[in-house]
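In my numbering, the protein residues as written are 17 to 114.
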Amino acid sequence: MSLTALLEVKFKPEALDEAKAVFKRVLNETRAFDGCESVEVLVDAADPTRWVILERWASVEQDAKYREFRAGEGAITDLGPLLAGAPGLTSYHTDDSI
17 MSLTALLEVK FKPEALDEAK AVFKRVLNET RAFDGCESVE VLVDAADPTR WVILERWASV
77 EQDAKYREFR AGEGAITDLG PLLAGAPGLT SYHTDDSI
């Protein structure tokens, strides 16, 4: 079963340029990770410091392996100081019965 993940982040306004550089590097790694089908960055039209990262994964298991990677050796240690608050992650799967 495929999975769609939405990562919501809000950056400090003064950190936006650095956040773009960090995310460019991070999302290149994400896009190359086994099972990643696509990644899009959606920037709030009214607030450029608020982003939603839309990730599509081939399976729940591959998404779980990616989250495990990011919690361990792939941790993004330079992101924390750029954030204006805690990020939010929500995962969805397709319900073919609807």
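Cβ coordinates follow ideal geometry from the N, Cα and C atoms, glycine included.
Who are THR106's beta bridge partners in DSSP? THR106 pairs with LEU22.
According to DSSP, is PHE27 part of a helix, a strand, or is it coil? DSSP places PHE27 in strand when its eight states are reduced to three.
Verify whether the separation of the beta carbon atoms of GLU71 and THR93 is less than 8 Å. No. Outside cutoff.
Can you look up LEU95 in the DSSP assignment and give me helix, strand or coil? In the structure shown, LEU95 sits in coil (DSSP, three-state: anything other than H, G, I, E or B).
Can you check DSSP and say which residues form a bridge with VAL57? Paired residues: ILE69.
My understanding is that LEU98 touches ALA35, with C-beta atoms under 8 Å, so please give their C-beta distance in whole angstroms. 5 Å between Cβ atoms; contact.
Return the Cβ separation of LEU43 and SER107 in integer angstroms, given the expectation that the two are a contact with Cβ distance under 8 Å. Wrong, their Cβ atoms sit about 18 Å apart, outside the cutoff.
Candidates PRO64, LYS81 and LEU58, of which the one nearest ALA31 by Cα: It is PRO64 whose Cα lies nearest to the Cα of ALA31.
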